[in-house]
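*Asks:* In our numbering, the protein residues as written are 116 to 313.
Positions of the beta carbon are idealized from the N, C-alpha and C atoms, including for glycine.
Have a look at this one.
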Amino acid sequence: MTAAIDDVVRRRVGRPWCLFLDRDGVINTRIWGGYVRTWDEFRFEPGALEALRVLAHWSPRIVVVTNQQGIGKRLMTREDLERVHLRMVRAIEDAGGRIDDIRYCPHLEAEGCECRKPAPGMATGYLGENPDLDGSLSVMVGDTASDVEMGRRLAVRNGGGATVRIHTDHDPAADHTSSSLAAFATEVQRALDDHSAE
Ligand SMILES: [Mg+2]
Ligand SMILES: [Zn+2]
């Protein structure tokens, strides 16, 4: 297992690739049965800010891909969401991290759009606009089975890619499972340290 994640980490060093990150349950604490509508309701997951600093060293591009059906349900507006994201990015930058772009799906599940995960539209859209990136090196990190499915569909399209499930139980559908973004970043850092020590 360790060898596999080390390989995922090391083979991307110095290459043009993109790390796609789910938001709720990965960067910030998920509100079960609800939506983060204001900055007051936004809570970083423990260690997430430090994790994002580590991941910024590893990945040349970090893009958040997030389903925000609360907009389609009219529980919040695009402006509400974008205000939260502005604050989130600022806090991440203040902590030495970086978010290069944020893609969100505002649609209702029933609309059957191409951007709502597990559809890979948010990631394929970003990669289409950034042809300098090697899509087959993409890594998708998320806390739900739907995120892993999205990463798998993306990998099928691109002829390669890796998925990471943020979960307490091992997910055999994902290439790697970590208990938190902080735990994942620690594994990335260790692989990078071992790599540079070789
Ligand atoms: Mg999530
Ligand atoms: Zn959508």
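Locate the beta strand (DSSP E) running through V303, then write down its first and last residues.
*Replies:* Indexing the sequence shown from 1 puts residue 303 at position 188. No beta strand (DSSP E) contains V303, which is instead part of the alpha helix (DSSP H) from 296 to 312.
*Asks:* Per DSSP, which residues does V279 bridge with? Please list them.
*Replies:* Position 164 of the sequence shown, counted from the first residue, corresponds to residue 279. DSSP output for V279 lists V256, H291 as bridge partner(s).
*Asks:* Could you check whether the Cβ of G236 sits closer than 8 angstroms to any heavy atom belonging to ligand 2?
*Replies:* Here residue 236 is taken as the residue at index 121 of the sequence shown, counted from 1. It does: the Cβ of G236 is within 8 angstroms (strictly closer) of some heavy atom of ligand 2.
*Asks:* First and last residue of the beta strand (DSSP E) that includes D216?
*Replies:* Against the sequence shown, residue 216 aligns to sequence position 101. 216 to 220 is the extent of the beta strand (DSSP E) around D216.
*Asks:* For D137, I'd like the list of residues in its chain whose CB is within less than 7 angstroms of its CB, leaving aside the five on either flank, ordered along the chain.
*Replies:* Here residue 137 is taken as the residue at index 22 of the sequence shown, counted from 1. Around D137: V180, T181, V256, G257, D258, D262.
*Asks:* Return the CA-CA distance between D209 and E224, expressed in angstroms with no decimal places.
*Replies:* Taking the first residue of the sequence shown as position 1, residue 209 is located at position 94. Taking the first residue of the sequence shown as position 1, residue 224 is located at position 109. Near 35 angstroms, if we compare the C-alpha coordinates of E224 and D209.
*Asks:* Thinking C-beta only, is I177 closer than 9 angstroms to I120?
*Replies:* Residue numbering aside, residue 120 sits at position 5 when the sequence shown is read from its first letter. Residue numbering aside, residue 177 sits at position 62 when the sequence shown is read from its first letter. Not a contact, by the Cβ cut-off of 9 angstroms.
*Asks:* How many angstroms separate the CA atom of C220 from the CA atom of G187?
*Replies:* Taking the sequence shown and counting its residues from 1, one reaches residue 220 at position 105. Taking the sequence shown and counting its residues from 1, one reaches residue 187 at position 72. When rounded, the distance between both Cα atoms is 9 angstroms.
*Asks:* Is it buried or exposed, W132, if we count other Cβ atoms within 10 angstroms and call 16 or more buried?
*Replies:* Against the sequence shown, residue 132 aligns to sequence position 17. W132 should be labelled buried.
*Asks:* Residues in its own chain within less than 7 angstroms of R267 by CB, not counting five upstream and five downstream?
*Replies:* Your numbering for residue 267 matches position 152 in the sequence shown. Result list for R267: T278, in chain order.
*Asks:* For R272 and G243, I'd like the C-alpha separation in whole angstroms.
*Replies:* Within the sequence shown, numbered from 1, the residue matching residue 272 stands at position 157. Within the sequence shown, numbered from 1, the residue matching residue 243 stands at position 128. Their Cα atoms are separated by approximately 12 angstroms.
*Asks:* What does the Cβ neighbour count give for R189, buried or exposed, with the cut at 16 atoms within 10 Å?
*Replies:* As a first step, residue 189 must be located in the sequence shown, where it is residue number 74. Classification of R189: exposed, given that the 10 Å Cβ count is below 16.
*Asks:* With a cut-off of 8 angstroms, do at least 3 Cβ pairs link the region 160 to 169 to the region 293 to 310?
*Replies:* yes
*Asks:* Hey, would you say the C-beta of R268 is under 8 angstroms away from at least one heavy atom of ligand 1?
*Replies:* Counting from one through the sequence shown, the residue named residue 268 turns up at place 153. Not under cutoff, so the answer is no.
*Asks:* Return the Cβ separation of W173 and V124 in integer angstroms, given the expectation that the two are a contact with Cβ distance under 8 angstroms.
*Replies:* Your numbering for residue 173 matches position 58 in the sequence shown. Your numbering for residue 124 matches position 9 in the sequence shown. Going by Cβ atoms, the distance from W173 to V124 rounds to 7 angstroms, so yes, they are a contact pair.
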